[in-house]
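Okay, so the sequence shown: first residue is 291 according to the working numbering, each after it adds one.
Note that the Cβ used here is the ideal one computed from N, Cα and C, for glycine as well.
Okay, structure first, notes after.
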Amino acid sequence: MSYFRYIDKGEGPTKLFIGGVHGNEGAVTLDLIKRLTVDDFCDGQIYIYNFDRTPYISTLKEDFYKSEQGRKIISLIKYYKPDFYTELHSYNISHFNRLIGDGRWDAQGVPPLIDCGNHALCSSVSPLIRRRYFTRYDICQTLEFPAIRGEDRKLSEKELEEKYGFNRNASIEEYMKFLRLITISKDRSEFEKLVLADYPKQVDLAIKYVKQMYDDDFPQY
Ligand SMILES: [Zn+2]
291 MSYFRYIDKG
301 EGPTKLFIGG
311 VHGNEGAVTL
321 DLIKRLTVDD
331 FCDGQIYIYN
341 FDRTPYISTL
351 KEDFYKSEQG
361 RKIISLIKYY
371 KPDFYTELHS
381 YNISHFNRLI
391 GDGRWDAQGV
401 PPLIDCGNHA
411 LCSSVSPLIR
421 RRYFTRYDIC
431 QTLEFPAIRG
441 EDRKLSEKEL
451 EEKYGFNRNA
461 SIEEYMKFLR
471 LITISKDRSE
481 FEKLVLADYP
491 KQVDLAIKYV
501 KQMYDDDFPQ
511 Y
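Structure follows, in structure tokens:
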């Protein structure tokens with residue numbers, strides 16, 4: 291069942307959260323979304339969607355935004371006009387090194403994802419929507435949680451720790467920590483301040499990547 295939650299905290303920024311963007315990621319992201327409490331949010335209007343399984347199409351492809359699921363997400367963005375737009379994704383943990391590697395520039399024309407620690411990854415959103423639907427002042431974030439796929443499903447938590455250094459609880463904690471910086475911030479300057487305090491190395495990388503991706507004065511988030 292698709293999941294929807296609306297939190298009315300009065301005057302403040304509009305925030306839109308989307309889990310289950312594509313494929314079966316919603317099965318992983320729902321548990322994370324449900325950990326958010328009303329107190330995690332600053333004042334404002336909060337809309338949270340988590341979708342059931344849809345065909346997997348990369349958000350880096352125009353085809354995604356032509357698909358039923360992609361069009362649905364665009365219509366939500368156009369309808370709510372969020373000041374904060376966050377996509378909650380999950381990725382195959384065996385792809386970790388590839389996702390944070392410079393090879394992504396050549397393979398997909400986008401920057402690597404940024405390692406926030408404990409296998410939680412972050413980045414901006416697809417360049418296909420970043421400038422088309424948002425102003426430079428909006429906060430657009432993608433968060434990626436590691437999922438165990440394929441043969442790795444046969445491994446115990448201990449074996450996963452040995453193979454990938456993966457600790458599920460530490461990953462959940464890191465992912466939620468970053469997510470809560472988004473939920474609690476009332477505007478861009480507060481978000482930038484909080485991220486810089488907790489993730490200074492990641493901010494350096496984000497600044498470097500955005501300079502390579504967009505023009506120099508485009509904000510890094
Ligand atoms: Zn995804």
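In the three-state reduction of the DSSP assignment, D298 falls in the strand class. Residue burial is scored here from C-beta neighbours: P436 has at least 16 other C-beta atoms within 10 angstroms and is therefore classed as buried. Shortest Cα-Cα distance from T425 to any of I474, Q398, D373 and L450 involves D373. In the displayed model, Y369 falls within a helix according to three-state DSSP. Judged by DSSP secondary structure, L433 falls within the beta strand (DSSP E) whose first and last residues are I429 to A437. The straight-line gap separating the alpha-carbon atoms of A496 and I404 is approximately 8 angstroms. Sequence-distant partners of N408 (beyond 5 residues in either direction) whose C-beta falls short of 6 angstroms from its own C-beta, in its chain, are A460, S461 and E464. DSSP lists E434 as the beta-bridge partner residues of H379. Judged by the Cβ position, E315 qualifies as a neighbour of ligand 1 at the 7 angstroms threshold, a heavy atom of the ligand being closer than this. For V400, the shortest C-beta to heavy atom distance toward ligand 1 is 7 angstroms or greater. When DSSP assignments are scanned along the region 294-353, the uninterrupted stretches of alpha helix (DSSP H) that are 4 or more residues long and fall wholly within it turn out to be 316-323. A distance criterion of 7 angstroms places the beta-carbon of H385 beyond contact range of ligand 1, judged by its closest non-hydrogen atom.
A distance of 8 angstroms or more separates the beta carbons of I429 and E377.
Unbroken alpha helix (DSSP H) runs of no fewer than 4 residues, entirely contained in the region 407-489, are found at 417-423, 447-454, 458-474 and 478-488, following chain order.
Exclusion of the five residues before and after Q359 leaves T344 as the residues of its chain whose Cβ lies within less than 6 angstroms of its Cβ.
Remark: the C-beta of V311 is in contact range of ligand 1, defined as less than 7 angstroms to any heavy atom.
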